[in-house]
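Visitor: Numbering (this note's numbering), first residue to last: 23 to 404.
Below you will find the structure I want to go over with you.
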Amino acid sequence: MADTRQMLLEYETEEVGKLARKDPKVRAELISAFSDASETVRERALLAAVEVGDPSMVLDAVRALDDDEANVRIAAAQLIAWYRQPRNIPHLLRGLKDTNTWVRSHCAAGLSKLVNGPIWARLPSETIDKFIDGFPGMTEEQVREYLRGLRVNSNAIDSYVRWSRQKFDVPIDSTALEAELESEPIILRSTETPAATAEAEVTTPKTTGMSAEVEAILSELPEDLRATLPVEDLRRLTPTTARELVDSLMASFPEAAGREKKKTVRVRKVKKVRVVKKGPSREELIAKIPKEVRDSLPPGAIDSLSEDELEALIATPDRESSGESSATSSEESTSSELITKYGEVKGKLLMKVPPEALKGLTEEQIRDMDLDTLRGLVDAFS
Numbered sequence: 023m024a025d026t027r028q029m030l031l032e033y034e035t036e037e038v039g040k041l042a043r044k045d046p047k048v049r050a051e052l053i054s055a056f057s058d059a060s061e062t063v064r065e066r067a068l069l070a071a072v073e074v075g076d077p078s079m080v081l082d083a084v085r086a087l088d089d090d091e092a093n094v095r096i097a098a099a100q101l102i103a104w105y106r107q108p109r110n111i112p113h114l115l116r117g118l119k120d121t122n123t124w125v126r127s128h129c130a131a132g133l134s135k136l137v138n139g140p141i142w143a144r145l146p147s148e149t150i151d152k153f154i155d156g157f158p159g160m161t162e163e164q165v166r167e168y169l170r171g172l173r174v175n176s177n178a179i180d181s182y183v184r185w186s187r188q189k190f191d192v193p194i195d196s197t198a199l200e201a202e203l204e205s206e207p208i209i210l211r212s213t214e215t216p217a218a219t220a221e222a223e224v225t226t227p228k229t230t231g232m233s234a235e236v237e238a239i240l241s242e243l244p245e246d247l248r249a250t251l252p253v254e255d256l257r258r259l260t261p262t263t264a265r266e267l268v269d270s271l272m273a274s275f276p277e278a279a280g281r282e283k284k285k286t287v288r289v290r291k292v293k294k295v296r297v298v299k300k301g302p303s304r305e306e307l308i309a310k311i312p313k314e315v316r317d318s319l320p321p322g323a324i325d326s327l328s329e330d331e332l333e334a335l336i337a338t339p340d341r342e343s344s345g346e347s348s349a350t351s352s353e354e355s356t357s358s359e360l361i362t363k364y365g366e367v368k369g370k371l372l373m374k375v376p377p378e379a380l381k382g383l384t385e386e387q388i389r390d391m392d393l394d395t396l397r398g399l400v401d402a403f404s
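So this is what it looks like as structure tokens:
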């Protein structure tokens, strides 16, 4: 017993299960561990019993559903649900009223395998009580009608009524479990699709006693990372907790996540092909420089100038002419403004008077100024 107990403490639940399958002594020690003083040993012994592959293990495991420790009850519910024995239906029904969510979840899963149809986890407490009490005051036909109202499958109704007549004292049956473990998925070659093939691969659990949905979520982890996780802890996962575990592990190992995702290369779509025109040659730039500018340069200086400097020399006259044009435009604007304010004759005379001479005079004073005085100002500054 000491060796078996030590292996359970060291998380060797899978190995203990395999040994118990072959060695009656280890099997007896494993069953004794269901009632060990340590809650850790009790829990892991129940998990190891799944690996034994013997449905008769439930005969001793049902007592653990009343354990004070929630983790032990969870492991017991998982074990009983896995072996799906009709004699355990009353125990699974009572498990639906457990205070622990995971216990209720495993019991509901086990009932779904035995009495298929309703979503057991969502049935109201009053309905569960009727099952537990054996439908008091109801005839067999009324029980059948009640089960049909819960959408229990017709075959499952027949089986349930037959088992209830025997008060669920049904012999252990391993044929259903063996058939499931030994069966292979049927693949219709003519209709299979890549998505269906991937789904079939995902729904085959890698870990015994784990739901296909949890297995699908855990398959996102790299194999080397998943190998480090204790099997008994994985068996207790629900889809919600499995998703939280995978997300937290992938966030802790970004390099692993990086291997899964390849960087997407974005290719810009070509909408228009633009022809790039070649600029003028050096000789063409020199030819465009005005003759008076070339003559003003020292001999040989033009050969040492860069193309930018040559273009600047070409633009110089343009800037001067632009300045002259701007000045002319400004003068025309001022003349037009004065003529509008003071009339054509006075406006033209005011254009000939420097602005400094009119500084300090208001528009009213300029308007009252006679033409002779204004001509005198023009003569004085001409």
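Where is the CB? At the ideal position from N, CA and C, for every residue including glycine.
Roughly how many angstroms separate the alpha carbons of E314 and E366, rounded to a whole number?
Guide: 41 Å
Visitor: For the alpha helix (DSSP H) that E385 lies in, which residues bound it at each end?
Guide: E385 to D390
Visitor: Quick one: what does DSSP say N175 is sitting in, helix, strand or coil?
Guide: coil
Visitor: Anyone know if the C-beta pair for V80 and V137 falls short of 7 Å?
Guide: no
Visitor: Measuring only the C-alpha atoms, how far is D246 from E235?
Guide: 21 Å
Visitor: If you check the beta carbons only, do H113 and L87 fall under 7 Å apart?
Guide: yes
Visitor: Check K381 in the structure and name its three-state DSSP category.
Guide: coil
Visitor: Does the beta-carbon of L335 have 16 or more other beta-carbons within 10 angstroms, so that it is buried, or is it exposed?
Guide: buried
Visitor: So the alpha helix (DSSP H) F153 belongs to, where does it begin and stop?
Guide: S147 to D155
Visitor: At the level of alpha carbons, what is the spacing between E331 and R397?
Guide: 50 Å
Visitor: Out of curiosity, what's the CA-to-CA distance linking L360 and E333?
Guide: 41 Å
Visitor: Where do the ends of the alpha helix (DSSP H) carrying G365 lie?
Guide: Element bounds for G365: n/a, residue is neither H nor E.
Visitor: Which of helix, strand or coil does DSSP assign to R211?
Guide: Note that R211 scores 43 on pLDDT, short of 50, meaning its location in the model is unreliable; the coordinates nonetheless yield the value given after this. Three-state result, R211: coil.
Visitor: Determine whether the beta carbon atoms of V72 and L101 lie at a separation below 7 Å.
Guide: Yes, these two residues count as a Cβ contact at 7 Å.
Visitor: When DSSP labels each residue in this structure, what does Q164 get in the three-state scheme?
Guide: helix
Visitor: In its own chain, which residues sit with a C-beta less than 6 Å from the C-beta of D317, not counting the 5 before and 5 after it?
Guide: Closer than 6 Å at the Cβ level, and outside the excluded window around D317, lies no residue.
Visitor: Can you have a look at K284 and say buried or exposed, based on whether 16 or more other CB atoms are within 10 angstroms of its CB?
Guide: Its pLDDT being 47, under 50, K284 is placed unreliably by the model, and the measurement read from it follows with that caveat. With fewer than 16 other Cβ atoms within 10 Å, it is exposed.
Visitor: How long is the line joining the alpha carbons of L69 and T35, rounded to whole angstroms?
Guide: 7 Å
Visitor: In angstroms, rounded to a whole number, what distance separates the CA positions of D401 and P376?
Guide: 12 Å
Visitor: Mind checking whether G117 and A99 have CB atoms under 7 Å apart?
Guide: yes
Visitor: Taking the straight line between their C-alpha atoms, what separation do you get for G369 and L383?
Guide: 15 Å
Visitor: Roughly how far, in whole angstroms, is the beta-carbon of D58 from the beta-carbon of R49, given that I think they are within contact range, below 8 Å?
Guide: Going by Cβ atoms, the distance from D58 to R49 rounds to 15 Å, so no, they are not a contact pair.
Visitor: Just curious, the alpha helix (DSSP H) that G322 is in, first and last residue?
Guide: Neither: G322 is in no alpha helix (DSSP H) and is coded neither H nor E.
Visitor: Considering just the uninterrupted stretch of the alpha helix (DSSP H) at R397, what are its terminal residues?
Guide: L393 to F403
Visitor: Report buried or exposed for E306, applying the criterion of at least 16 other Cβ atoms within 10 angstroms of its Cβ.
Guide: It counts as exposed.
Visitor: Return the CA-CA distance between Y182 and E148, expressed in angstroms with no decimal places.
Guide: 19 Å
Visitor: Could you check where the alpha helix (DSSP H) with P46 kicks off and where it finishes?
Guide: It spans P46 to S54 - the alpha helix (DSSP H) in which P46 sits, taken as one unbroken run.
Visitor: Measuring straight from C-alpha to C-alpha, what distance separates L371 and F403?
Guide: 12 Å
Visitor: In the DSSP assignment, find the alpha helix (DSSP H) that holds Y33 and state where it starts and stops.
Guide: Per DSSP, Y33 belongs to no alpha helix (DSSP H) and is neither H nor E.
Visitor: For G39, count the other beta carbons within 10 Å of its own beta carbon; 16 or more makes it buried, fewer makes it exposed. Which is it?
Guide: buried
Visitor: Buried or exposed: which applies to I141, given that a residue is buried once 16 or more other Cβ atoms fall within 10 Å of its Cβ?
Guide: exposed
Visitor: Give the single residue among D155, P158, E237 and I179 whose Cα lies nearest to the Cα of E166.
Guide: The residue asked about is misnamed: residue 166 is Arg in this sequence, not Glu. Nearest of D155, P158, E237 and I179 to R166, Cα basis: I179.
Visitor: Pick helix, strand or coil for V137, following the three-state DSSP scheme.
Guide: coil
Visitor: For A83 and I96, I'd like the C-alpha separation in whole angstroms.
Guide: 12 Å
Visitor: Please list the terminal residues of the continuous alpha helix (DSSP H) segment that includes S233.
Guide: S233 -> no alpha helix (DSSP H), and no H or E assigned at all.
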